[in-house]
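Reviewing the structure listed below.
Protein chains: 2
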Amino acid sequence: MGRLVECIPNFSEGRRPQVLEALASAVRNTPGVTLLDMESDKDHNRSVMTFIGEPEAVVRAVLAAASKAVELIDMEQHRGEHPRLGAVDVVPFVPVSGVSMEECVELARRVGRELWERLRLPVYFYEEAATSPSRRNLPEVRKGEYEGRKNDIKRPEWRPDVGEPAMHPTAGAVIVGARFPLIAFNVNLRTTELDIAKRIAKKVREKDGGLPAVRALGFELKDRGMVQVSMNLVNYHKTGIAAAFEAVRAEADRANVAVAGSEIVGLVPLEALTDCASRFLSLENFKATQVLESRLQG
Amino acid sequence: MGRLVECIPNFSEGRRPQVLEALASAVRNTPGVTLLDMESDKDHNRSVMTFIGEPEAVVRAVLAAASKAVELIDMEQHRGEHPRLGAVDVVPFVPVSGVSMEECVELARRVGRELWERLRLPVYFYEEAATSPSRRNLPEVRKGEYEGRKNDIKRPEWRPDVGEPAMHPTAGAVIVGARFPLIAFNVNLRTTELDIAKRIAKKVREKDGGLPAVRALGFELKDRGMVQVSMNLVNYHKTGIAAAFEAVRAEADRANVAVAGSEIVGLVPLEALTDCASRFLSLENFKATQVLESRLQG
Chain A
466 MGRLVECIPN FSEGRRPQVL EALASAVRNT PGVTLLDMES DKDHNRSVMT
516 FIGEPEAVVR AVLAAASKAV ELIDMEQHRG EHPRLGAVDV VPFVPVSGVS
566 MEECVELARR VGRELWERLR LPVYFYEEAA TSPSRRNLPE VRKGEYEGRK
616 NDIKRPEWRP DVGEPAMHPT AGAVIVGARF PLIAFNVNLR TTELDIAKRI
666 AKKVREKDGG LPAVRALGFE LKDRGMVQVS MNLVNYHKTG IAAAFEAVRA
716 EADRANVAVA GSEIVGLVPL EALTDCASRF LSLENFKATQ VLESRLQG
Chain B
466 MGRLVECIPN FSEGRRPQVL EALASAVRNT PGVTLLDMES DKDHNRSVMT
516 FIGEPEAVVR AVLAAASKAV ELIDMEQHRG EHPRLGAVDV VPFVPVSGVS
566 MEECVELARR VGRELWERLR LPVYFYEEAA TSPSRRNLPE VRKGEYEGRK
616 NDIKRPEWRP DVGEPAMHPT AGAVIVGARF PLIAFNVNLR TTELDIAKRI
666 AKKVREKDGG LPAVRALGFE LKDRGMVQVS MNLVNYHKTG IAAAFEAVRA
716 EADRANVAVA GSEIVGLVPL EALTDCASRF LSLENFKATQ VLESRLQG
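For the protein sequence lines, the chains are A and B, in the order given. Under my numbering, the residue at position 79 of the first sequence is numbered 544, and the numbers go up by one with no gaps. Under my numbering, the residue at position 36 of the second sequence is numbered 501, and the numbers go up by one with no gaps.
Right under this line is the structure:
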């Protein structure tokens, strides 16, 4: 399977089909890259693309799509509900297999420099690629949005990490970074008491002193007569699926509530599943290369 | 990842490097196939090759290697400890992903016909591809070996499934079939009493009324001061890794012995691991296509 990076660029366009097609084509036409998904939201006037490939191919694909975005999106005309700084708004790189977080940070930095040199986009680095703690958090970096940043960019605290302190006249600025894959993992409980789900969510989430790299909320599943602890595991190396499940089950036990089941929403890296099996089985010395499918070339 | 079949042909040659290289090259030079492993045993004078690919590519690879084997191996000269019927002794097809057992049986039948038509090898079908219950079991089909079968092949009970009832003058006969992937899975117990491992093995294996499609033996791990229940899961759809683990753990609990850990030896299909995680997590509606790596093209 080789070295694999995921890239999930967000573009400030969710309405014009021809522009969306041009962005998707730029990725599809890059050899060595697989476009997994593209979701556009008309109210947000925004699209999120997901693609994977070897690091070099991913760099080529994202630069091709960014170039199209700068050509076809005018932030002076852009309206939409979702906060944004530029035409290519956010570009996160995610290590999937055979690639370290350090390499993804390096990739983000390199792509940041290229975006400035080729397209004259000022660049902010965020999350694992951030150059200071104040720039780790995406909503913080996006404060004031495109309109506000046109002035703020001259202030020392909003000086870009790469490029001149001036917004691109039509494409604004870009936020580039590296992060771990996010796993959306829910545990359903056999009770209709929403409070129990909320209490367990509070207990297990990092914000309130729970498990590291876990975000959690309690929801009602009205149709099923159940409640749900809905989690985002933002770094499964810190807290994996099995540990999150066991923590919720322990709290449910304490509340005398049974676990009805769990669900993984969307994509999950193979390693997060093998880690999970490993933990439940107390597996010794298991390597991802033992998975038959991982041996495929290319 | 697409549709994936594994093929593990056994050849009656384990000594002459040039012959082994010719067999390996026949597979390596077939586009769309990945040679995962080739193990040769000098005492057995026998080699086992493992390769994977899309069904059509796997058929081409195994026919190319079989053609080389017929050309270069003379069963009249062959001596070795391992029982065998021919130069290409056994050809099992194993469904790995996106391919059903029925398709693998179809593949085995087709390759059987081709081996007779192109190379004049009489063919027996075994395991899931067997044409009668008496031919399911490989050691049964191989009874009498190359030397004995030269006469027996004329008897009605040893009539080949494809081809004339006469051995190929230098390459003998070939046994072609389909089977599920075999998973070698061991559970280690914190005790030095070998009897406990043996008793648990007997309890969990199919032969003695235990779990379906499970073979098991008890071993001593002298260096580690432990014992081991060593299992072969021959159809993980019937008994998976999680179920085998839980059965051994339940028996160990009953004997007041702790489980020290477990190990998967060699390759394991992705689905067997996701099944395992699914069971432990009571996962709802999980699909193998949710694994990020499974989305790769080619």
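Ideal placement from N, C-alpha and C gives every residue a C-beta, glycine not left out.
Do residue j and residue i have their beta-carbon atoms positioned less than 8 angstroms apart in this structure?
i	j	result
A552(B)	V535(B)	yes
L659(A)	E622(A)	no
L761(A)	I517(B)	yes
E749(A)	E728(B)	yes
Y589(A)	P548(A)	no
L699(B)	F745(B)	A small correction: the amino acid at residue 699(B) is Val; Leu does not occupy that position in the sequence shown. Not a contact, by the Cβ cut-off of 8 angstroms.
V470(B)	V559(B)	yes
G613(B)	L586(B)	no
V722(B)	T656(B)	yes
G637(A)	M540(A)	yes
V738(A)	A708(A)	The amino acid occupying residue 738(A) in the given sequence is Leu; Val does not appear at that position. Contact flag unset, no.
A530(A)	P474(A)	yes
V720(A)	V669(A)	Here the sequence assigns Ala to residue 720(A), which means Val is not the residue at that position. For A720(A) and V669(A), no; Cβs fall outside 8 angstroms.
E521(B)	S512(B)	no
L500(B)	A487(B)	no
L647(A)	N616(A)	no
A631(A)	A742(B)	no
S477(A)	N510(A)	yes
Can you tell me the Cβ-Cβ gap for residue i and residue j, rounded? I've got them flagged as a contact below 8 angstroms.
i	j	result
V641(A)	V576(A)	6 angstroms
V555(A)	V523(A)	With 8 angstroms as the limit, V555(A) and V523(A) do not qualify as a contact, their Cβ atoms being about 15 angstroms apart.
N725(B)	V694(B)	The sequence given here places Ala at residue 725(B); Asn does not occur at that position. Not confirmed; about 11 angstroms, so no contact.
Y611(B)	L550(B)	6 angstroms
N651(B)	V733(B)	Actually they are not in contact, since the Cβ atoms of N651(B) and V733(B) sit about 13 angstroms apart, beyond 8 angstroms.
Residue i by DSSP, collapsed to three states: which one?
i	result
Q693(A)	strand
S505(B)	strand
F710(A)	helix
Y611(B)	helix
I517(B)	strand
V699(A)	coil
T499(A)	strand
F745(A)	helix
C472(B)	strand
D688(A)	helix
R480(B)	coil
G763(B)	In this predicted model, G763(B) has a pLDDT of only 44, less than 50, meaning its place in the structure is not dependable; the value taken from the coordinates is given anyway. It is coil, neither helix nor strand.
P560(A)	strand
G675(A)	coil
L654(B)	strand
A753(B)	helix
Output the distance between the C-alpha atoms of residue i and residue j, rounded to the nearest integer angstrom.
i	j	result
E592(A)	N602(A)	6 angstroms
S562(A)	K752(A)	12 angstroms
A649(B)	N494(B)	30 angstroms
C472(A)	V564(A)	13 angstroms
I538(A)	T635(A)	7 angstroms
K703(A)	P482(B)	48 angstroms
I618(A)	E546(A)	22 angstroms
L757(B)	I706(B)	22 angstroms
G467(A)	A643(A)	19 angstroms
M514(B)	P557(B)	11 angstroms
R664(A)	L682(A)	9 angstroms
R574(B)	R680(B)	27 angstroms
Q542(A)	F710(A)	46 angstroms
D508(A)	Q755(A)	45 angstroms
P598(B)	D740(A)	40 angstroms
V606(A)	R600(A)	6 angstroms
L485(A)	D502(B)	45 angstroms
F595(A)	G479(A)	Per the sequence shown, residue 595(A) should be read as Ala rather than Phe. In a straight line, the C-alpha of A595(A) is about 28 angstroms away from that of G479(A).
E582(A)	E567(A)	23 angstroms
L572(B)	H633(B)	22 angstroms
A491(A)	K608(A)	29 angstroms
Give me the subset of the segment 744-763 of chain B whose CB atoms are less than 8 angstroms from a CB atom of chain A, sorted by chain position.
Hits within the stretch, in order: F745, L746, S747, L748, E749, N750, F751, Q755, V756, L757, E758, S759, R760, L761, Q762 and G763.
Proximal residues, the segment 722-744 of chain B versus chain A, C-beta separation under 8 angstroms
Cβ proximity to chain A below 8 angstroms picks out V724, A725, G726, S727, E728, I729, G731, L732, V733, P734, L735, L738, T739, C741 and A742 from the segment 722-744 of chain B.
Chain A contacts made by the segment 693-716 of chain B, where a contact means CB separation under 8 angstroms:
For the segment 693-716 of chain B, the beta-carbon criterion of a distance under 8 angstroms to any beta-carbon of chain A is satisfied by I706, A707 and F710.
Name, going along the chain, the residues of the segment 552-563 of chain B whose beta-carbon falls closer than 7 angstroms to a beta-carbon of chain A.
The segment 552-563 of chain B vs chain A, Cβ under 7 angstroms: V561 and S562.
Proximal residues, the segment 512-529 of chain B versus chain A, C-beta separation under 8 angstroms
Contact residues of the segment 512-529 of chain B toward chain A are I517 (C-beta to C-beta distance below 8 angstroms).
Relative to chain A, which residues along the segment 476-508 of chain B have a C-beta separation below 7 angstroms, given in chain order?
Taking a C-beta cut-off of 7 angstroms against chain A, the contacting residues of the segment 476-508 of chain B are T499 and L501, listed in chain order.
In the segment 642-670 of chain B, which residues sit with their C-beta less than 8 angstroms from some C-beta in chain A, listed in chain order?
Of all residues in the segment 642-670 of chain B, only P646 and N653 place a beta-carbon less than 8 angstroms from a beta-carbon of chain A.
Residues within the segment 570-596 of chain B neighbouring chain A, beta-carbon criterion of under 9 angstroms:
For the segment 570-596 of chain B, which is checked against every Cβ of chain A, not one residue is closer than 9 angstroms.
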